[in-house]
Every structure is written in C-alpha cells, then in structure tokens.
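Protein chains in written order, with the working numbering: chain A, 9 to 365; chain B, 9 to 365.
Idealized CB from N, CA, C, for every residue including glycine.
Values in this document were obtained by computation on a predicted structure and should not be read as measured data.
Right, one structure below, let's go through it.
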DNA sequence: CTGAAAGCGCTTACAG
DNA sequence: CTGAAAGCGCTTACAG
C-alpha cells in the first residue's frame, strides 16, 4: 500500500513526495472526493461504515487537507491574526505561546501583526490585513483590545475576535477578562496588613482600562482595612520605567512621605527602585514596593519584587478557545464563564514599615 | 466607474464589498485575465501601453490579488515562518518587528512557530509546518539557527531559509552573522583598560556557537592588552539567571578572586548582581560587571549595566531581505556582505578596581 | 504580444 | 446516503 504513483506513473521517494490530495484518498477508499470532503467536514448524513473506511485511509496515508485550497473554497483561511501594540515582549510571546497551544490542535496558524494604535493608518491597515488574508479571526491583547473603533470595524466586516482586557468590555464569548480590580485590591490589603498607613499608587495612563480598574481595586482594598486612600498619594504614570522614577521622586518629596508604593506594573516598580536608590532609601526597610505583572524582571531586581501574577499563557489559550467556539457556534458554559483571577506573589520588597518616618 | 455589480446584479455598498478579482480588472482594462496575470508577475514581453493601462486600473480600483488563490496556483504561499526556541521574549518580538518591516512591503506575512529544539518530534513538526503551509521560507534566529539537522531537512524539502547566528555557518545569502567575537573582545578590552587584571568570564553552554565565539573574543581581547586569560576564571553557565548566581558564587570563593566579571549575556549578569549583593559586594566598587545583549533589563538593574548591544531589529530585517533575494535569484553585494557589528554601551557597572583586593 | 482552456486542491448546490 | 459538475481566484503550458 505504501508505494504511491505520481502523475507520470513513476514511483515516488519518501522525500519530496508531493502531498497527497483528496483525490488520492477518494481513489484508495473507492468513493468520490465529495464523500471524502464530507468526512473531513463531519457531515452528519454519512453511513458510519463509509466514514470509518475513509478515516482509516486518511490515517494510514497521513493525509492532511491543503489549508490553502480549503481556504480558497471556503473563502476563509486557516490563519488567526495576533494584532498587538504591547511593548512588553515577554508578555507578547507568552500569550502567543498560549494561543498556539490551542490553535495547533485545530489546524490553525498564528500570523503576527504588531502595530501602532495611534498611527493614522491603523484601522485601514488592520482591515486590509484581515480582508486580504481572509483571517479566521483575531486575538486582541491589551491595549488594542480596548480600541472601540477597531472592534466596530471588525464587526462591520464580520471578523470574529477575542479581546483580552482588564474588565469585561464585550459579550463573554468575545472576552477574556483579567479582573485587575481583584489583583490590585489584594496588593493593597497586603501592604495594609504589613502595617503601612501611607500607601501610594503610581497608576498607568487614565485612558487605559487596566489603569482605572487597578486604581479602583487599590482604593477598595485599602478601604477594607479601614484606610482612606489619600489623593495626594495617587499619581498618574504611563506604565513605563521613566514615569516610575519621576513619580517616585514626586512622592518622596511629600511630607510626610508614603512608606509603601504600589506600582501599576513591574516596569514602573523598577523605576521606583531606581529613585529609591538615588534617594538613599533601602527597600524594604525604608520603602516597601509591590508591582503588577510578575514579569521575568521581578527576580532580577534587588530585593526580589513582590508582584501580582497573571496567567498570561492561559489567557491566550482561552482567547483561542473562544475564537474556535464562536466559529463552531457551540459555546459551553466553561468557556463562557472563564475569568482570570490574579494572585499576589510575595517576595522580599515589602515588609513592616521599619524605618519609614 | 465606482458602482460595481455583484453576481446578482445589485449594487454593492462600501462595506462588505467582496474583494475585486482578476476578472474584474481584466474586464475594466479590456484584456484577458491572462494579461492581468502577466502584469502582476512582471512578465517581460508585454506591450508597455497595455501594462500601463492595466496598472492604472489596478491602482484606481485598489486591486490586490488574493494571496490564497495565488498560492494555490503557485503551489507556494505568501507566508514566512519564524521558527524559534529563544526564551527571551524581547529579543523575539524585536526581531519579528524587523522581519515584518521588510516583509510587509513585499506582501508577505509572518507565521510564528515557537518550538523545543530538544523535543523528540521537533524535526517532523517543523517539516510538517513548512510543507503544509507551503511556506515561502523561514527565518531562524539562535539557537535553532545552529541546528544542522534542521537545516539539512529544509534543504531536502527545498525550503529557503536565513540563519541568524554568532558566526557564518552557511552561504552569505542564507546567513546573518553577528560577529560575537568582536563584541566580546571589546568588552574584555574595556575591563582591561579600566585597570583590571583578574577578569572572569561566565559563558553560555559550550554547545552554543555564540558561546564559543564570545569566549574566543574574550581571550583575544585580553591578549591584546597583554593579559593571559586564567582558565580558572572562565566558567561555564547556560545563559540563565540561575547559572549566573551559581558561577559567581564559585568565582568569588577563589583566592584571589576576580575583580571583574564579564557575563555571557544580560540574564547571567543579573545573576552576578544578585550573588554580589548576597556576598555584600558593591558594584562597581567591589566588582565590575559587563553583560551582553543590551536587553531592556540593563537600565533596571542597579547600577545600570554596561553591555554589548546587537541591532536585533536590523538583523531581522536583513534576514527577510536575504530571503526575498534568494527567491528572486538576484543578490546584490550590499545584501550579500551584510554583517552585524556589536557595540559596547558603557553604563555604570564597571569602574577601576577600587576596593577589589 | 495576447487569449481560451485546463488545472491547483478543495467545497457547494443540485441531483438521484 | 452518495456522485458528477461547477466554482473559489489565481497561473501555466499551448496556440496564434
């Protein structure tokens, strides 16, 4: 059964053997290609005996349908787009990995599309990308996931998508929500429980949903411990190292100064470290710090940074699963109600306010 | 000219208008589709007047050929694979960005394929990926770029590729070499010029070409300053944070201990920082440190890490350009002889050996 | 220099 | 339940 013949009738070697087609399978199974197609597409009306015979052949010869040909006939490719505007490479690759773990089993591939959300051609660019490649769907991590114009455009052209964001912005089947509020509240409680009273927060940009959620969680967490958040201690950064430095300088100049700083993300926390160093303060003795993201940097800082962890890979996997569910029109409860709960990873950057004056 | 008719004869709105096909263009230009195809594929024998008329129509209606249909007919897709086994997310995303900057202009897209080089199914997996998607070619960053079995397989199935590695391993048109030897030599000279005599090196795994090159460059750089590298001061790590810690502990236990450590990469350097902190040593007063990669982490460490910088995005762009050149069979000299020269970025982690005993 | 026909590997009405 | 024909949007010998 192994020696196949190509069109010219000669034997084909193991290598470079052209991929088998649906016609080969049909011939071997003694059915029409239409029937093989039915098997591939799991058509319901099909004699079980026929289906099993075809499946057996498919398995034996290792036939995999050509995604390009299928795509042409279906008017839709087997490609999923990953449209992102996130400067954190580790976040991006971890999430892609999670997406791919799910996608591969289903025969899809991931096409990357980095972009600049604020650039003029952004919408037209993504639209062209989706239409040209006839994408199966797109995964939208933050911050593109928060772009309503983008989502409106995708809806217009009928492109399925899943958004990953700090809060539910869409129907459950199109949304992976990360519950940033819960994570921020936990960090705030942690600092309060250590005995801190003057706790500051350096936020991301106000426009970011994650920013709003984390501030809300922070305030709420403090309130649970009977502490009213002091507005002077809540300053706006933009999730970067540089604003971490600048905001910390500002905070340390206050009198009395905060004894603990919750940074909107780990990048910002790294800036807090630097500013503290420059001010001659030791962490955690003089200043406690907590970050958000639990990125690889946290263990490399000295002392290791306590941070809020998000299961990024898992989030990507769920986004992919929801995309597949949308296409299949079969949404089970588990997929629907999935929401991520962040957890606080305690390291050595926060302690009792020993020397904080 | 704008109002198009679809098959049912009704007018089509701006949105959801099905993409124009080669037939539409042919009709509008009053030629056969064969001629439009010739224009698209830049066939030489074509009356200039005809070509210009067709090009004008294409431009006017904004026609873009369907990559899927083209791919099916060509038996090759417009997709480039990015096969990687690199844990550094920042490195990966920066390089992809560089690849895409070049690819997009040419109508190709990038499909990501993270993998585990040591896992059993690795070769078969990549082979299936390339064959199934009929990839135009693949870009291979380190460390997969060093895998000879992988490259042999790609050659067997006739898949174009570009390898990005520490040293030229292949024909120039398939290779972007990073000259790690030069970068390491510069770092070694820098430390020697600061006055250090006892300079240690923590390498990556011996199996990695970058590792061998960097050791060679290190030794050579010291030799240029009249210093013979002490074998006890050259220890093998594996480019990770943890081996950075372990190797530093080992080095600091030597008597006399080194006054400076050149780390094989920034991750390792972060480990050196931690071990130095734990040993109560201050950087750079007690111990000078230099890293390699100039990754985002370098400014977040305290004090900021002096490191060897590679133009990662540019390397990706050149890899893409070489891939396109291979397909077009037109390789100009500039493309051929491209090689990356790393540069040392001096920050605050290396100084004269003040308190080193 | 240009065109009508066949083909790439699939799916989709339409029959039977 | 299954099949012969047409079609998805391109390219490729083969003519003229």
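In this structure, residue 289 of chain B sits away from residue 357 of chain B, with a CB-CB distance that is not shorter than 8 angstroms. Contact between the region 58 to 68 of chain A and the region 110 to 130 of chain A is absent, with fewer than three C-beta pairs closer than 8 angstroms. Three or more Cβ pairs closer than 8 angstroms define a contact, and the region 158 to 174 of chain B falls short of that threshold against the region 229 to 248 of chain B. Between residue 124 of chain B and residue 91 of chain B, the C-beta spacing is not below 8 angstroms.
Non-local beta-carbon contacts of residue 197 of chain A in its own chain, meaning distances under 7 angstroms to residues more than five positions away in sequence, involve 229, 232, 233 in chain order. Listed along chain A, the residues sitting closer than 7 angstroms to residue 140 of chain B by beta-carbon distance are 72, 75. Take the alpha-carbon of residue 282 of chain B and the one of residue 75 of chain A: they are about 50 angstroms apart. Contacts between residue 122 of chain A and chain B, judged by CB atoms closer than 9 angstroms, involve 101, 104, 105, 108 in chain order. By the neighbour-count criterion, in which a residue is buried when 16 or more other Cβ atoms sit within 10 angstroms of its Cβ, residue 251 of chain A is buried.
The contact set of residue 85 of chain B on chain A, defined by CB atoms closer than 8 angstroms, consists of 76 in chain order.
Using a Cβ-Cβ distance cut-off of 8 angstroms, the region 267 to 275 of chain B and the region 203 to 213 of chain B are in contact, since at least three pairs of beta carbons, one from each stretch, lie closer than that value. By the Cβ neighbour-count rule, residue 204 of chain B is buried, with 16 or more other Cβ atoms within 10 Å of its own. Excluding the 5 residues flanking it on each side, residue 162 of chain B has same chain C-beta neighbours closer than 6 angstroms at 169, in chain order. Between the beta-carbon of residue 146 of chain B and that of residue 184 of chain B there is about 13 angstroms, and that puts the pair past the 8 angstroms contact cut. Per DSSP, the beta bridge partners of residue 301 of chain A are A/317. For residue 204 of chain A, there is no enclosing beta strand (DSSP E), as DSSP marks it with neither H nor E. Excluding the 5 residues flanking it on each side, residue 309 of chain B has same chain C-beta neighbours closer than 7 angstroms at 278, 281, in chain order. Taken atom to atom, the span from the alpha-carbon of residue 247 of chain B to that of residue 144 of chain A is near 38 angstroms. A residue is called buried when at least 16 other Cβ atoms come within 10 angstroms of its Cβ; residue 362 of chain A does not meet this threshold and is exposed. Taking one beta carbon from each stretch, the region 330 to 338 of chain A and the region 250 to 264 of chain A have fewer than 3 pairs nearer than 8 angstroms; the two do not touch. Under the Cβ distance rule, residue 308 of chain A counts among the residues neighbouring chain B, one pair being separated by less than 8 angstroms. One thing to note: residue 276 of chain B has its Cβ no nearer than 8 angstroms to the Cβ of residue 321 of chain B.
Among the residues of the region 273 to 286 of chain A, those with a Cβ less than 7 angstroms away from any Cβ of chain B are 278, 281, 282, 285, in the order of the chain. When Cβ-Cβ separations below 8 angstroms define contact, residue 97 of chain B makes contact with chain A. Per DSSP, the continuous alpha helix (DSSP H) segment holding residue 130 of chain B begins and ends at 130 to 141. Taking a contact as a CB-CB distance under 8 angstroms, the pair residue 359 of chain B and residue 292 of chain B counts as one, their CB atoms being some 4 angstroms apart. Following the DSSP letters along the chain, one finds residue 244 of chain B inside the beta strand (DSSP E) bounded by residues 242 to 244.
Collapsing the DSSP output to three states places residue 118 of chain A in a strand. Secondary structure in the region 52 to 117 of chain A: the beta strand (DSSP E) runs of 3 residues or longer, each lying completely within the stretch, are 87 to 92 in chain order.
For the region 246 to 262 of chain A, the set of residues with a beta-carbon nearer than 9 angstroms to any beta-carbon of chain B comprises 249, in chain order.
DSSP assignment within the region 202 to 287 of chain A yields the following whole alpha helix (DSSP H) runs of 4 residues or more, N-terminal first: 217 to 232, 249 to 260, 274 to 286. Close to chain A, meaning a Cβ-Cβ distance shorter than 9 angstroms, is no residue of the region 207 to 228 of chain B at all. In the DSSP secondary-structure assignment, residue 296 of chain A is bridged to A/268.
Following the DSSP letters along the chain, one finds residue 161 of chain B inside the alpha helix (DSSP H) bounded by residues 156 to 164. Boundaries for residue 30 of chain B: no beta strand (DSSP E) harbours it, while the alpha helix (DSSP H) harbouring it runs 30 to 37, taken from the DSSP string.
Between residue 225 of chain B and the set B/141, B/107, B/350, the nearest pair of CA atoms involves B/350.
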